[in-house]
Amino acid sequence: MRWRSGMPLHDEVERIRGELYKDDRLRVSVALFGQPGAGKSSLINKMIGQKLAAVGVETDKTVSAGEYESKGITFVDLPGYGTKKFPKEGYFEEFDIPSRDLFLCVTSGKLLQSDAELFSELIKFGKICIFVSNKYDELWEDDIPLSELKQRRRDDIVKHVGHQVPVVFTSCRTNEGLDDLQNLIAQNLHEAKRERWLRSAKAYSQVFLEEKKNACERKVQIAAAVSAANGLNPIPGTDVAVDISTLVVLFREIRESYGLADELVVELKQQSVPLIAQLAGKAAQYAAKEGILMLLKSVATREVVKTTVRFVPVVGQLIAASIGFGITYSAGMSYLKDCHDLATEVLNKRLSY
């Protein structure tokens with residue numbers, strides 16, 4: 001972003017509100033296609049970390065695509081391409097193929113010719129398509145090495161599409177390959193949508209958790225600036241007022257980014273591992289308006305380090321220099337750290353979340 005040192009405060013505030021508005025409405029659309037029974041619904045649920053799609057429902061028998069939305073991510077389970085109910089002619093228009101950001105061709109056996117044909121049409125449109133060989137845990141044949149079985153799958157795909165393509169092997173039962181898939185999707189999205197994906201998709205590795213944290217940090221900067229600029233709620237014991245409602249939304253989104261649903265946080269508070277219980281307690285304590293005010297007061301009574309120039313390109317010079325931004329940003333980063341540390345401990349201990 002450009003340096004905006006000469007921009008009036010009103011213009012800075014309007015610009016940063018616009019940034020938050022745009023971010024809140026940004027969507028990533030991922031479409032899946034492939035043979036019935038390949039596990040597309042299970043894969044959707046694993047990628048987002050929620051039970052969005054009903055497992056076992058064959059979209060070839062429905063009247064339309066299955067569409068599922070959560071945390072700014074839209075998954076579309078496409079019906080069969082070139083079937084009697086869904087012929088090739090008009091398929092792209094009916095299911096709004098041009099608007100989709102990325103496609104996953106999901107198989108659990110040999111690739112269907114109709115899927116290869118849809119892949120070829122997607123390539124003509126300049127679309128990104130990743131091949132996913134799902135149900136990897138079922139890939140077994142007596143006296144045949146796993147490496148050879150995987151190569152057979154790759155060779156079958158190449159035979160149908162005519163050239164080498166990346167293939168990700170996944171198992172929704174064991175979680176194998178899911179981290180590779182999450183990262184490959186992120187790598188094939190443009191910057192803003194990549195951030196949205198990193199914030200929303202479930203993490204299956206510490207590396208992905210770190211990338212999630214980095215993506216969340218920019219959202220904290222923007223929301224903290226809007227909260228400081230609105231100045232509706234006085235912070236007890238200070239002469240500073242901020243917009244608490246913006247922070248309530250921000251903190252909820254941080255929890256959602258890490259898969260920390262309210263019921264899970266309550267459960268984690270009862271864990272026998274002291275650090276997990278302590279971090280879960282903080283996540284719950286600062287979830288509502290009263291808790292956020294407590295956190296802001298705690299931050300405000302400490303010496304707030306002067307906001308450095310590195311924030312100017314994002315939030316503007318005048319907002320970055322304000323005490324309110326220093327307080328809201330410090331509070332936001334503190335909450336982000338608590339949620340990140342909690343998710344890290346949960347992942348380390350292999351707890352289900």
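Residue numbers for the sequence shown follow UniProt numbering, so the first one is 1 and each next one is one higher.
Think of the CB as a built atom: it goes at the ideal place given N, C-alpha and C, for glycine as much as any other residue.
Please read all numbers here as calculations on a predicted model, not as lab measurements.
- request: Provide the residue(s) that pair with Leu104 in DSSP beta bridges, ordered along the chain.
  value: Against the sequence shown, residue 104 aligns to sequence position 104. Residue pairing from DSSP places Leu104 in a beta bridge opposite Leu32, Ile130.
task: Evaluate contact between the stretch 166-175 and the stretch 212-226, counting only Cβ atoms and requiring at least three cross-stretch pairs below 8 angstroms.
output: Put simply, the stretch 166-175 does not touch the stretch 212-226. Fewer than three CB pairs are less than 8 angstroms apart.
task: In the DSSP assignment, find the unbroken alpha helix (DSSP H) run with Asp262 in it and report its ends.
output: Translated into positions along the sequence shown, residue 262 becomes position 262. Element bounds for Asp262: 262-269.
task: Measure from the alpha carbon of Lys110 to the alpha carbon of each residue in Gln35, Lys124, Asp96, Ile123, then state which is nearest.
output: As a working mapping, residue 110 is identified with position 110 in the sequence shown. The shortest Cα separation from Lys110 among Gln35, Lys124, Asp96, Ile123 belongs to Gln35.
message: Using a 10 Å radius around the Cβ and a threshold of 16 neighbouring Cβ atoms, would you call Gly80 buried or exposed?
response: Position 80 of the sequence shown, counting from 1, holds the residue named residue 80. Burial call: buried.
- request: Determine the DSSP secondary structure at Thr83, reduced to helix, strand or coil.
  value: Position 83 of the sequence shown holds residue 83. Three-state DSSP puts Thr83 in coil, outside helix and strand.
field: Backbone CA spacing between Lys46 and Lys202 [nearest angstrom]
entry: Stepping through the sequence shown from its first residue, residue 46 is reached at position 46. Stepping through the sequence shown from its first residue, residue 202 is reached at position 202. Rounded to the nearest angstrom, the gap between the Cα atoms of Lys46 and Lys202 is 7 angstroms.
field: Residues sharing a beta bridge with Ile73, DSSP
entry: Here residue 73 refers to the residue found at position 73 when the sequence shown is read from its first residue. Answer is Val28, Ser70, bridged to Ile73.
message: If you reduce the DSSP assignment to three classes, tell me which class Phe169 lands in.
response: Counting from one through the sequence shown, the residue named residue 169 turns up at place 169. In this structure, Phe169 counts as strand in the three-state DSSP scheme.
field: Alpha-carbon to alpha-carbon, Leu198 and Leu260
entry: As a working note, residue 260 is residue 260 in the sequence shown. As a working note, residue 198 is residue 198 in the sequence shown. Approximately 15 angstroms, taken between the alpha carbons.
query: Over what stretch of residues does the alpha helix (DSSP H) that includes Asp115 continue unbroken?
result: Residue mapping note: residue 115 aligns to position 115 of the sequence shown, counting from 1. Asp115 -> alpha helix (DSSP H) spans 113-124.
query: For the alpha helix (DSSP H) that Ser64 lies in, which residues bound it at each end?
result: In the sequence shown, residue 64 corresponds to position 64, counting from 1. Segment: none, Ser64 is in no alpha helix (DSSP H) and carries neither H nor E.
- prompt: Where does Val226 fall in DSSP's three states?
  reply: As a first step, residue 226 is located in the sequence shown; it is residue number 226 there, counting from the start. Helix.
message: Measuring only the C-alpha atoms, how far is Leu347 from Gln206?
response: One-based indexing of the sequence shown puts residue 347 at position 347. One-based indexing of the sequence shown puts residue 206 at position 206. If you take the alpha carbons of Leu347 and Gln206, they lie about 8 angstroms apart.
Reference Ser114; option with closest CA among Arg255, Gly82, Leu139: Taking the sequence shown and counting its residues from 1, the one referred to as residue 114 is at position 114. Measuring from the Cα of Ser114, the nearest candidate turns out to be Gly82.
- prompt: Considering only residues of the same chain and omitting the five flanking positions on each side of Leu20, which have a CB-CB separation below 7 angstroms?
  reply: Here residue 20 corresponds to residue number 20 of the sequence shown, with the count starting at 1. Taken in chain order, the residues that qualify are Ile222, Ala223, Val226.
Limits of the unbroken alpha helix (DSSP H) element including Gly177: Position 177 of the sequence shown, counted from the first residue, corresponds to residue 177. Per DSSP, Gly177 belongs to no alpha helix (DSSP H) and is neither H nor E.
query: How should His190 be labelled, buried or exposed, when 16 other C-beta atoms within 10 angstroms of its C-beta is the threshold for buried?
result: The sequence position of residue 190 within the sequence shown is 190, counting from 1. Exposed.
- request: Going by DSSP, name the residue or residues bridged to Val242.
  value: Indexing the sequence shown from 1 puts residue 242 at position 242. DSSP output for Val242 lists Asn233 as bridge partner(s).
message: Judging by CA-CA distance, which residue of Gly162, Ser322, Leu295, Ile130 is the nearest neighbour of Met333?
response: The residue labelled residue 333 in the question sits at position 333 within the sequence shown. With distances taken between Cα atoms, Met333 lies closest to Leu295.
message: Going by C-alpha to C-alpha distance, which of Leu112, Leu122, Pro236 sits closest to Asp101?
response: On the sequence shown, residue 101 is found 101 positions in, with the first residue counted as 1. Of the candidates Leu112, Leu122, Pro236, the one whose C-alpha sits nearest the C-alpha of Asp101 is Leu122.
task: Buried or exposed for Glu12, please, with buried defined as at least 16 other CB atoms from any protein chain shown within 10 angstroms of its CB.
output: For the purposes of this step, residue 12 is taken as residue 12 along the sequence shown, with counting starting at 1. Buried, by the Cβ-count rule.
field: CA-to-CA distance, Asp24 to Gly18, given in whole angstroms
entry: Here residue 18 is taken as the residue at index 18 of the sequence shown, counted from 1. Here residue 24 is taken as the residue at index 24 of the sequence shown, counted from 1. The alpha-carbon atoms of Gly18 and Asp24 are separated by roughly 10 angstroms.
- request: Excluding the 5 residues preceding and the 5 following Gly72 in the sequence, name in chain order all residues of the same chain whose CB lies nearer than 7 angstroms to its CB.
  value: Numbered from its first residue, the sequence shown carries residue 72 at position 72. Correct list, in chain order: Leu26, Arg27, Val28, Arg196, Ser200.
task: Count the other CB atoms, across all protein chains shown, that sit within 10 Å of the CB of residue 371; report buried if there are 16 or more and exposed otherwise.
output: For residue 371 there is no data in the structure shown, the boundaries of the chain being 1 and 353.
- prompt: If you draw a straight line from the alpha carbon of residue 367 to that of Glu211, how long is it in whole angstroms?
  reply: Residue 367 lies beyond the stretch modelled for the chain, which goes from 1 to 353, so this question has no answer here.
query: In the structure shown, what three-state DSSP assignment does Lys202 receive?
result: Mapped onto the sequence shown, residue 202 falls at position 202. Lys202: coil per DSSP, three-state reduction.
- prompt: What residue does the alpha helix (DSSP H) around Ile97 start on, and which one ends it?
  reply: For the purposes of this step, residue 97 is taken as the residue at position 97 of the sequence shown. Per DSSP, Ile97 belongs to no alpha helix (DSSP H) and is neither H nor E.
- prompt: Do Ser171 and Tyr136 have their CB atoms nearer than 8 angstroms?
  reply: For the purposes of this step, residue 171 is taken as the residue at position 171 of the sequence shown. For the purposes of this step, residue 136 is taken as the residue at position 136 of the sequence shown. Yes.
message: According to DSSP, simplified to helix, strand and coil, what is Lys337?
response: Taking the first residue of the sequence shown as 1, we reach residue 337 at position 337. In the structure shown, Lys337 sits in a helix (DSSP, three-state: H, G or I).
- request: Label Ala192 either buried or exposed according to how many other C-beta atoms from any shown protein chain fall within 10 Å of its C-beta, with 16 as the threshold for buried.
  value: Here residue 192 refers to the residue found at position 192 of the sequence shown. Flag for Ala192 reads exposed.
message: Rounding to the nearest angstrom, what Cα-Cα distance links Leu275 and Val265 in this structure?
response: Here residue 275 corresponds to residue number 275 of the sequence shown, with the count starting at 1. Here residue 265 corresponds to residue number 265 of the sequence shown, with the count starting at 1. Straight-line Cα distance between these residues: approximately 13 angstroms.
query: Who are the near neighbours of Pro236 in its chain, counting only those whose CB is closer than 6 angstroms to its CB and skipping five residues on each side?
result: As a working mapping, residue 236 is identified with position 236 in the sequence shown. Around Pro236: Lys297.
- request: Using only alpha-carbon positions, find the residue among Val299, Ile16, Glu14, Val30 that is nearest to Asn188.
  value: By one-based count along the sequence shown, residue 188 stands at place 188. The candidate whose alpha carbon is nearest that of Asn188 is Val30.
- prompt: Going along the chain, which residues of its own chain have a beta-carbon closer than 6 angstroms to the beta-carbon of Lys337, five neighbours each way excluded?
  reply: One-based indexing of the sequence shown puts residue 337 at position 337. Residues of the same chain with a CB within less than 6 angstroms of the CB of Lys337, apart from the 5 flanking positions on each side, do not exist.
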